[in-house]
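Engineer:
Protein chains in written order, with UniProt numbering: chain A, 1 to 90; chain B, 1 to 569.
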């Protein structure tokens, strides 16, 4: 039981140490996901879609992307602080 | 004295955290029925609840850099007592309040940024002023930090080698992490061994180059580093840097606690010591232009309202993250004061007659003390290394390289990340151009042009080597951001929370506004002309930036006035 607690504490410390670095990668992943959403759902903003057979087969994977895309559309002009909290300035 | 000061600082921070901090939390911010954005809007990516320790680590790593180290080093010209008093008082009453309240305002605004909230509460002008302040901050920070880094590389040649080797170590770590199938712990271990080796390499093969050669190298470094994908260099290096930060802080605290040494430098010199550009500088209002990040910093409002507010697991954690991490940063600045105050003269070696008494110390500290030690970073590194090596018996030269690399690595991270931020702002600011001239818009928003503009102006400023002139300008932009954030949160308290508690944010906000505006007017009238005389191009550039910032600052004050008036009606 105690070992379990110690192990959990060590895991937490590792997470603390890794979190900042992981966030930077996550940020880039998010950008890539945005591109993915744009490629597959681009018609909404005026981009030509890929052939229907491809978009249709992608739809089951897109549920989360649609939710994220609507969230991000709201925040799209408000990214400065997001970038600032991942990067360091002083 | 040194040990007492550390214990005293710890007590102040703890007492204020549990009294004033808790008061802010319970009375001003209060509780709400609505769940935090991380839970209510949980999407598994942007909005996601994080463990308070994890979020604290992230928040602290984002706000702690070279700033809280360099500022206090320069401020010691007034004596250690005025410097430490500003760090403590500014921190607990203004800086930490600013960080905590901007985090909470963002939480109540669905995790929106402070710039968005400012636009919402104060009007469009506030949002635009915000962007311009950040752009100026970015250009000035590149100028100030490039000058400080080049200075450090010249005076501690080993740190430049160590830093170059660290870049190689980061590149290798990047490959190990993302291109190989090695387990994470093994890649990390190899990374740490390589980091240790790079410090040893710095010890073995110091690189001797001139200041201006380093400045040119830094210019190309900024452009390249800010253009390559983050996972190749920036991210693995940031990961390695966090080891340096925690190691440096931990060793510093232990050594400072054990030191039991009286202070060699005077407690007080004069209220008009020579600090900025070699001129007699009044303690008030100039102090926030010297000690920025250790006491308060506007940039933190952006960090707090960026990812932290979207990942806060409960409103109760806000105090620990916002208030707590700012106090920890103040504690870092306290260690800087203790290491130089108690061990600075030992590091300097000789008691020159120019520093013989308090008055002379105030006059000649920057030129004779900091200058002879090799600049602000080297002054800290050498004093810190003296402290650690005499207390913990770790080699002095080794510690000098570790400490200078610690600060230089943070300052360098700043250089290439600021350029990424600048790129974003240049694009945002150019948006109105889209209607006027699409060619100009395309020119400014081009990836390379938007990178080169801030890097070019920053490096141009660094060329003059006068970081003591640039540093206050950077801090000024930073503190103006803090005053926008504080004014925004006071309007928030007035409009959305309890009007009774308005003054807890408004008084620090207005005090800061008056102080920084006064300081910048003083700086523009007395320091800039001398700078123009010696370096016309750079002097004019800084002068123009100052004048624009001052105008925007008054626009902001009027926005606040009309915002309060509207509410009355």
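C-beta atoms are modelled at their ideal positions from N, C-alpha and C, and glycine is treated no differently.
Can you tell me where the alpha helix (DSSP H) holding residue 15 of chain B begins and where it ends?
Structural biologist: Note, residue 15 of chain B: alpha helix (DSSP H), 2-16.
Engineer: Apart from the five residues just before and just after residue 433 of chain B, which ones in its own chain have a Cβ nearer than 6 Å to its Cβ?
Structural biologist: These residues qualify, in order along the chain: 440 and 441.
Engineer: My guess is that residue 113 of chain B and residue 306 of chain B are in contact by the Cβ rule of under 8 Å, so how many angstroms apart are they, rounded?
Structural biologist: 6 Å between Cβ atoms; contact.
Engineer: Are the C-beta atoms of residue 18 of chain A and some chain E residue less than 9 Å apart?
Structural biologist: The chain labelled as chain E is not found among the protein chains of the depicted structure, namely A and B.
Engineer: Quickly, what does DSSP pair residue 274 of chain B with across the bridge? List them, please.
Structural biologist: Beta-bridge pairing links residue 274 of chain B to B:280.
Engineer: Skipping 5 residues on each side, what residues in its chain have a beta carbon closer than 7 Å to that of residue 267 of chain B?
Structural biologist: These residues qualify, in order along the chain: 79, 80 and 81.
Engineer: Taking Cβ-Cβ distances below 7 Å as the criterion, which residues of the stretch 301-322 of chain B are in contact with chain A?
Structural biologist: Answer in chain order: 302, 303, 305, 306, 307 and 308.
Engineer: For residue 187 of chain B, is the classification buried or exposed, using 16 other Cβ atoms within 10 angstroms of its Cβ as the cut-off for buried?
Structural biologist: It counts as buried.
Engineer: Thinking C-alpha only, which one of B:497, B:58, B:55 and B:290 is nearest residue 470 of chain B?
Structural biologist: Selected option, being the one with the closest Cα: B:290.
Engineer: Under three-state DSSP, which class holds residue 50 of chain B?
Structural biologist: DSSP places residue 50 of chain B in strand when its eight states are reduced to three.
Engineer: Look at residue 491 of chain B and residue 288 of chain B and say whether their C-beta atoms are less than 9 Å apart.
Structural biologist: Not closer than 9 Å, so no.
Engineer: Which of the three DSSP states is assigned to residue 570 of chain B in this structure?
Structural biologist: Since the first and last residues shown for chain B are 1 and 569, residue 570 of chain B lies out of range.
Engineer: What does residue 53 of chain A reach in chain B if we use C-beta pairs closer than 9 Å?
Structural biologist: In chain order: nothing, as chain B lies at least about 28 Å away.
Engineer: What is the rounded straight-line gap between the Cα of residue 63 of chain A and the Cα of residue 174 of chain B?
Structural biologist: Each residue's alpha carbon lies about 32 Å from the other.
Engineer: Would you report the Cα separation of residue 210 of chain B and residue 154 of chain B, rounded to the nearest angstrom?
Structural biologist: In a straight line, the C-alpha of residue 210 of chain B is about 7 Å away from that of residue 154 of chain B.
Engineer: In the DSSP output, what is residue 312 of chain B paired with across the bridge?
Structural biologist: Bridge partners of residue 312 of chain B: B:50.
Engineer: For residue 63 of chain B, which residues from the same chain have a beta carbon less than 7 Å from its beta carbon, with the 5 sequence-adjacent residues on both sides left out?
Structural biologist: Once the five neighbours on either side are set aside, the close Cβ partners of residue 63 of chain B are 300, 303, 325 and 329.
Engineer: Quick one: measure Cβ to Cβ for residue 342 of chain B and residue 259 of chain B, integer angstroms, because I've assumed they're closer than 8 Å.
Structural biologist: The Cβ separation is near 6 Å, so the contact holds.
Engineer: With 9 Å set as the bound, which would you pick, yes or no: does the beta-carbon of residue 130 of chain A sit closer than that to a beta-carbon of chain B?
Structural biologist: The shown model of chain A, from 1 to 90, leaves out residue 130 of chain A, and the question about it has no answer.
Engineer: For a test of your reading of the model: does the CB of residue 206 of chain B fall under 8 Å from any non-hydrogen atom of the ligand MN? Yes or no.
Structural biologist: Only the bare structure without any ligand can be found here, which leaves the ligand MN out of the picture.
Engineer: If distances are taken between C-alpha atoms only, which option among A:8, A:54 and A:13 comes closest to residue 246 of chain B?
Structural biologist: Considering only alpha carbons, the answer is A:13.
Engineer: Does the beta carbon of residue 4 of chain A sit closer than 9 Å to a beta carbon anywhere in chain B?
Structural biologist: No, residue 4 of chain A does not count as interfacial toward chain B.
Engineer: Since residue 114 of chain B meets chain A, which of its residues come closer than 9 Å, beta carbon to beta carbon?
Structural biologist: Correct list: 81.
Engineer: Whose C-alpha, out of B:37, B:349 and B:8, is nearest the C-alpha of residue 309 of chain B?
Structural biologist: Of the listed residues, the one whose Cα sits closest to residue 309 of chain B is B:37.
Engineer: Please check if any C-beta of chain B sits within less than 9 Å of the C-beta of residue 86 of chain A.
Structural biologist: Output row for residue 86 of chain A: interface = yes.
Engineer: Quick check on residue 41 of chain B - is its C-beta less than 9 Å from some C-beta in chain A?
Structural biologist: Yes, residue 41 of chain B lies at the interface with chain A (some Cβ there is under 9 Å from its Cβ).
Engineer: Hey, is the stretch 137-145 of chain B in contact with the stretch 167-181 of chain B, meaning 3+ C-beta pairs nearer than 8 Å?
Structural biologist: No: the two stretches stay apart, fewer than three of their Cβ pairs being nearer than 8 Å.
Engineer: Pop quiz: residue 501 of chain B and residue 493 of chain B are said to be a contact at Cβ under 8 Å. What is the actual Cβ separation, rounded to whole angstroms?
Structural biologist: The Cβ separation is near 6 Å, so the contact holds.
Engineer: Hey, is residue 64 of chain A's beta-carbon within less than 9 Å of any beta-carbon in chain B?
Structural biologist: Taking Cβ atoms only, chain B reaches closer than 9 Å to residue 64 of chain A, which makes this a yes.
Engineer: Judging by CA-CA distance, which residue of B:359, B:12, B:184 and B:505 is the nearest neighbour of residue 76 of chain B?
Structural biologist: Checked all of B:359, B:12, B:184 and B:505; the closest Cα to residue 76 of chain B is B:359.
Engineer: Name, please, each residue of chain B whose Cβ falls closer than 8 Å to the Cβ of residue 43 of chain A.
Structural biologist: Going along chain B, no residue has its Cβ under 8 Å from residue 43 of chain A, so there is no contact; the nearest lies around 23 Å.
Engineer: Determine the contact status of residue 103 of chain B and residue 322 of chain B, defining contact as a CB-CB distance below 9 Å.
Structural biologist: Contact flag set, yes.
Engineer: So with CB distances below 8 Å, who are the chain A contacts of residue 299 of chain B?
Structural biologist: Those within 8 Å of residue 299 of chain B in chain A are 84, 89 and 90.
Engineer: Using the beta-carbon of each residue, which ones in chain B are nearer than 7 Å to residue 91 of chain A?
Structural biologist: A question about residue 91 of chain A goes unanswered here, because the residues of chain A that appear run from 1 up to 90.
Engineer: Just to confirm, is the Cβ distance from residue 91 of chain B to residue 480 of chain B under 9 Å?
Structural biologist: No, these two residues do not count as a Cβ contact at 9 Å.
Engineer: Which stretch, first to last residue, makes up the alpha helix (DSSP H) that contains residue 178 of chain B?
Structural biologist: Note, residue 178 of chain B: alpha helix (DSSP H), 157-179.
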